[in-house]
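Before any comments, here is the structure.
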Amino acid sequence: MELIPAKNILSGYAENSGWFGCNYNMNIYRGCSHGCIYCDSRSACYQIEDFGRVRAKADAHAIIEKNLRAKRKKGIIGTGAMSDPYNPMEAEYALTRGALKLIDQYRFGIVPLTKSALITRDIDLYAKIAAHSPVSVMMTVTTSDDALAARVEPGASPPSARFATLKAFSDAGLHTGIAMMPILPFLEDNRENLRDIVDQASKAGVRFIAPGFGMTIREGQREYFYAALDREFPGLKQRYIDRYGLDYSCAVPEAAELRRWFETLCREAGIYTRMPDIVASINKGYATQQMSFV
Ligand code: SF4
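Mapped onto the working numbering, the consecutive letters of the sequence shown carry residue numbers 24 to 317.
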């Protein structure tokens, strides 16, 4: 695997983050081989060449340790925003696993976001961290249909494996959630799909589903997405062009009504959907420790 130089791996500090309660962000890898056709990280603004090729940051563990030691405040680290921390390389190189050991040692919290069942390997470390700091194991699910997922997220674990993974973590007493975003217009925005996601999530003991009723499309990513639509769903690209033109934010048709219906469904199943409730549930029991000075 190619290594790339990095000065820092842990970035940012948000005192009261509304994004799953995360105070810091961590990306050990650059690029992702899961091949999701809608991936925003391919956008030209990020300037990641050959995005499908996974590279790792050199001396990752030494840099993470240096970054953790330098932080004045404990907090929750989010990982999985620009690359999947459980891409196939992780099975061999265990860089995310090594980072978890440091996160445990320095007593930070962690909210990973992945589409890979490989995360189950690290259930022991997530349990160790949860003993002192907030943890929520989060997987992205945009469809419950394995066959459809194989076309829109071809390198990721099938949704059935993701739900089984979430159940394994929930059964181990860990907080789990779903990022249900994006929901692709005309492909995944039907009530049958959304209802099935809620059913499966409920069976997996998931505490929240953060929904996004639509997607974003911009330069660089648009070309890749449209080429994939032409290949996998002939004729659909024109529907996108007709409805959204060059819009960045592309909400599914009747998004507001769908959201109301979906939130009712989740409420009945005891699953949170609103970010303040999600953040509160992740932090429950940990508030004092999270904000304490080192
Ligand atoms: S798993 Fe995430 S980072 Fe990787 S291709 Fe899919 S959307 Fe992009």
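C-beta atoms are modelled at their ideal positions from N, C-alpha and C, and glycine is treated no differently.
Roughly how many whole angstroms lie between the Cα atoms of Leu288 and Val221? Approximately 8 Å between the Cα atoms of the pair.
So for Asn90, helix, strand or coil by DSSP? helix
With the cut-off set at 8 Å, would you say Pro276 and Pro208 are in Cβ contact? Going by C-beta atoms, Pro276 is nearer than 8 Å to Pro208.
Run of the beta strand (DSSP E) containing Gly200, from where it starts to where it stops: Thr199 to Met203
Can you grab the Cα-Cα spacing for the pair Lys307 / Thr137, in whole Å? 23 Å
DSSP three-state assignment for Thr188, whether helix, strand or coil: helix
Does the structure place the region 95–107 close enough to the region 43–60 that three or more beta carbon pairs sit under 8 Å? Contact holds: three or more Cβ-Cβ distances are below 8 Å.
Return yes when at least one heavy atom of ligand 1 lies under 7 Å from the C-beta of Ser66, else no. No, Cβ of Ser66 sits at least 7 Å from all heavy atoms of ligand 1.
Helix, strand or coil, according to DSSP, for Phe43 in the structure here? For Phe43, the three-state secondary structure derived from DSSP is coil.
Please list, in chain order, all residues of the same chain as Thr102 whose beta carbon is under 6 Å from its beta carbon, the five residues on each side excluded. Met49, Pro108 and Pro135
Gly121: which of His84, Gly41 and Glu38 sits nearest, CA to CA? His84
Candidates Ile86, Glu255 and Gly235: closest to Arg283 by CA position: Gly235
Taking the straight line between their C-alpha atoms, what separation do you get for Asn216 and Ala29? 41 Å
Looking at ligand 1, does it come within less than 7 Å of Glu176, judged from the CB to the closest heavy atom? yes
Would you kindly work out how many angstroms separate the C-alpha atoms of Arg290 and Met162, rounded to a whole number? Those two C-alpha atoms are separated by around 20 Å.
Just how far apart, CA to CA, sit Ala184 and Ser139? 8 Å
Between Pro182, Ser193 and Ile301, which lies nearest to Asp219 when the distance is taken from Cα to Cα? The residue with the shortest Cα to Cα distance from Asp219 is Pro182.
Who are the Cβ neighbours of Gly41 in its own chain at under 8 Å, not counting the five residues just before and after it? If the five residues before and after Gly41 are omitted, its C-beta is found closer than 8 Å to the C-beta atoms of Met298, Pro299 and Val302, all from its own chain and listed in chain order.
In chain order, what residues of the same chain have a beta carbon less than 6 Å from the beta carbon of Met24, not counting five sequence neighbours either side? In its chain, beyond the 5 residues on either side, Ala79 and Met112 have a beta carbon closer than 6 Å to the beta carbon of Met24.
Consider the C-beta atom of Asp107 and the heavy atoms of ligand 1; say whether any pair is separated by less than 7 Å. Between ligand 1 and the CB of Asp107, the shortest heavy atom gap is smaller than 7 Å.
Should Lys97 go down as buried or exposed, given a rule of 16 or more other Cβ atoms within 10 Å for buried? buried
Within a Cβ cutoff of 7 Å, which residues of the same chain sit near Ile5, ignoring the five residues on either side of it in sequence? Here the chain comprises residues numbered 24 to 317, so residue 5 is not present and cannot be evaluated.
Please return the same chain residues whose Cβ sits closer than 7 Å to the Cβ of Arg262, not counting the five positions on each side in sequence. Phe209
Gln223 vs Arg65 beta-carbon contact at 8 Å: no
Mapping the DSSP letters down to three states, classify Tyr36 as helix, strand or coil. coil
Would you tell me roughly how many angstroms separate the C-alpha atoms of Ser193 and Phe231, rounded to the nearest one? 12 Å
Verify whether the separation of the beta carbon atoms of Asp127 and Ile152 is less than 8 Å. Going by C-beta atoms, Asp127 is nearer than 8 Å to Ile152.
Between Gly237 and ligand 1, is the CB less than 7 Å from at least one heavy atom? no
Could you check if Tyr69 is buried or exposed, using at least 16 other CB atoms within 10 Å of its CB as the buried criterion? Flag for Tyr69 reads exposed.
Using only the alpha-carbon positions, how far apart do Ala274 and Ala172 sit? 20 Å
Looking only at its chain, what residues have a beta carbon closer than 6 Å to the beta carbon of Ala292, apart from the 5 residues adjacent to it on each side? Val221 and Ser225
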